[in-house]
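Everything below concerns the one structure shown next.
There are 2 protein chains.
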Amino acid sequence: MSLKHAILTLLETEESSGYDLLKQFQSRLGYFWNASHQQIYAQLKTMHADGLIDFHIEAQDNKPDKKIYTLTNAGRDALSDWVRHPLKLGKVNDALLVKLYAGHLADQSQLLEEMKDYRDNHQRMLNTFRAIEDEYRSSTKKEQENLALPYLTLRRGIIGEQACLDWADEVIRFLKGARSR
Amino acid sequence: MSLKHAILTLLETEESSGYDLLKQFQSRLGYFWNASHQQIYAQLKTMHADGLIDFHIEAQDNKPDKKIYTLTNAGRDALSDWVRHPLKLGKVNDALLVKLYAGHLADQSQLLEEMKDYRDNHQRMLNTFRAIEDEYRSSTKKEQENLALPYLTLRRGIIGEQACLDWADEVIRFLKGARSR
DNA sequence: CAACGCTATGCAATTTTTTGCATATGACTT
DNA sequence: AAGTCATATGCAAAAAATTGCATAGCGTTG
Chain D
4 MSLKHAILTL
14 LETEESSGYD
24 LLKQFQSRLG
34 YFWNASHQQI
44 YAQLKTMHAD
54 GLIDFHIEAQ
64 DNKPDKKIYT
74 LTNAGRDALS
84 DWVRHPLKLG
94 KVNDALLVKL
104 YAGHLADQSQ
114 LLEEMKDYRD
124 NHQRMLNTFR
134 AIEDEYRSST
144 KKEQENLALP
154 YLTLRRGIIG
164 EQACLDWADE
174 VIRFLKGARS
184 R
Chain E
4 MSLKHAILTL
14 LETEESSGYD
24 LLKQFQSRLG
34 YFWNASHQQI
44 YAQLKTMHAD
54 GLIDFHIEAQ
64 DNKPDKKIYT
74 LTNAGRDALS
84 DWVRHPLKLG
94 KVNDALLVKL
104 YAGHLADQSQ
114 LLEEMKDYRD
124 NHQRMLNTFR
134 AIEDEYRSST
144 KKEQENLALP
154 YLTLRRGIIG
164 EQACLDWADE
174 VIRFLKGARS
184 R
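Protein chains in written order, with the numbering used here: chain D, 4 to 184; chain E, 4 to 184.
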């Protein structure tokens, strides 16, 4: 159950609504955590019941009310507890690779289209990450120090996305060659 | 529900027992699919009930009996159906990155240890993949053609693991620097 | 002015995954 | 002789994730 810890981590930096968290997961944290809104709202409810977080309602103009969540002391404790304990290795489940493995059953041109989509998606992600990196690099030294660890997670995104692109290009090159055979 | 398709894919190449599939997932397919034995046996049971696979018992000397599963025609159809339909993007959930993001709450030297473990694990994976690649490269042209697509999935592993190592080195360099500050 | 997308929240049913337990044989170690 | 590891299979309960549905106001686009 690590969505809990991902949420605690975000709230530790900044109080947020469920929707805010969703947006964070969809944008800059997309590389390392994904969760649906249903998952997030349910998790927040549980965590509130468990006393890890508090909330207050914030009314907005022209927009629905928000429930702004903040960490409680118990939440902060749970987070530092978790950070202190070693993780087991994360698991990888990549359906695209399964599909490629069984690719001889598919139409090669269709596979090629799917790989191009894959490449486009990762190019978009890489662009987003690079933009954030530029922002970081042009911030003050003080700010850079404060954000050093989040910056390293961003680096994971950049290095990882670049690897996706390199690989995708290899596959696309192969599939184009195969088409002409 | 893609464990189903991962299993169909493996069985399409070679009939296997649940235990064989587990070993495959743990070794060379570890990069793109992970599943526990409980999950695999349960899934095989469901798939058999759904008529996607058949099995026969194989007695062995000095070892327990095996249930060898093979694809039925319905299974083959289900697999090519799946391969023909586009996927939605896979999601990433990487707890180590969450942890690093919240790393200021942890002991830096402990974080460093964890990153070293991470690096070692990925180095091991990379070595395994490279060994398989060497094997592939020294096989006949005919074999290479037959295994072209699985080879591309292996390439994903190699490129991805190399990216892990590059990133881990960046982080380790940073954490070592931070320790001395 | 109808349709759609964005903000913002949530429930309920189902599916999938995890965790813990269970069994059995043979080989190797202490 | 007892303990552990590898092979080989599985059940059951609990936790987590997915899928489908629902509400509601505001702004934009056709």
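By construction, the Cβ of each residue, glycine as well, lies at the ideal position given by its N, Cα and C atoms.
- DSSP links SER19 of chain D through a beta bridge to D:TYR72.
- Under the Cβ criterion of 9 angstroms, PHE177 of chain D is counted among the residues facing chain E.
- Taking the Cβ atoms as the reference, ILE56 of chain D lies roughly 10 angstroms from LYS70 of chain D, outside the contact range of under 8 angstroms.
- Proximity of chain E to ASP169 of chain D at the Cβ level (cut-off 7 angstroms) is accounted for by ILE162, in chain order.
- Proximity of ALA166 of chain E to chain D, defined by a Cβ-Cβ separation below 9 angstroms, is satisfied.
- In the structure shown, TRP36 of chain E adopts coil according to DSSP, grouped into three states.
- Under a 10 Å Cβ-count criterion, PRO67 of chain E is classified as exposed, with fewer than 16 other Cβ atoms of the shown protein chains found around its own Cβ.
- Put simply, the CB of LEU74 of chain D is far from chain E, with every gap to its CB atoms at 9 angstroms or more.
- In the DSSP assignment, the residues bridged to LYS66 of chain D are D:GLN63.
- For VAL101 of chain D, the closest of E:TYR22, E:LEU115, E:PRO153 and E:GLU164 by C-alpha to C-alpha distance is E:PRO153.
- Under the three-state reduction of DSSP output, ASP53 of chain D falls in the coil class, being neither helix nor strand.
- Secondary structure at ASN96 of chain E: strand, using DSSP grouped into helix, strand and coil.
- Below 8 angstroms, enough C-beta pairs join the segment 156-165 of chain D and the segment 30-42 of chain D to call them touching: three or more.
- Against chain D, a Cβ distance below 7 angstroms from HIS107 of chain E picks out LEU152.
- A direct Cα-Cα distance of roughly 5 angstroms separates TYR72 of chain E from SER19 of chain E.
- In the DSSP assignment, the residues bridged to PHE58 of chain D are D:TYR72.
- Linking LEU92 of chain D to ARG122 of chain D through their CA atoms gives a straight-line distance of about 27 angstroms.
- Using a C-beta cut-off of 8 angstroms, the segment 79-86 of chain E makes contact with the segment 101-110 of chain D, since at least three inter-stretch Cβ pairs fall below that distance.
- In terms of beta-carbon proximity, THR156 of chain E lines the interface with chain D, with at least one pair separated by less than 9 angstroms.
- Nearest to THR49 of chain D by C-alpha distance, out of D:GLN27, D:GLU17 and D:MET4, is D:MET4.
- The beta carbon of ASP110 of chain E sits closer than 9 angstroms to some beta carbon of chain D.
- Among the residues facing chain D, ALA45 of chain E is not included, as its CB has no counterpart in that chain under 9 angstroms away.
- For PHE35 of chain D, the neighbours in chain E by C-beta distance under 7 angstroms run, in chain order, VAL95, ASP97, LEU100 and VAL101.
- At least one C-beta of chain E is nearer than 9 angstroms to the C-beta of LEU82 of chain D.
- Taking 9 angstroms as the cut-off, the beta carbon of ALA171 of chain E is found no closer than this to the beta carbon of PHE177 of chain D.
- Under the three-state reduction of DSSP output, ASP84 of chain D falls in the helix class.
- A Cβ-Cβ distance of about 4 angstroms is found for the pair LEU82 of chain D and LEU11 of chain D, placing them in contact under the 8 angstroms criterion.
- Taking a contact as a CB-CB distance under 8 angstroms, the pair LEU157 of chain D and ILE175 of chain D does not count as one, their CB atoms being some 27 angstroms apart.
- At least one beta carbon of chain D lies nearer than 9 angstroms to the beta carbon of ARG159 of chain E.
- Against chain E, the CB of LEU25 of chain D has no partner CB under 9 angstroms away; the residue lies outside that interface.
- With respect to the 9 angstroms criterion, ALA45 of chain D and HIS8 of chain E are not classified as neighbours on the basis of their beta carbons.
- At a cut-off of 9 angstroms, the C-beta of ASP137 of chain D has no neighbouring C-beta in chain E.
- Linking TYR139 of chain E to ALA38 of chain D through their CA atoms gives a straight-line distance of about 38 angstroms.
- In this structure, DSSP gives LYS145 of chain E a helical state, which the three-state scheme calls helix.
- Within chain E, the C-beta atoms nearer than 7 angstroms to that of THR12 of chain D come from VAL101, TYR104 and ALA105, in chain order.
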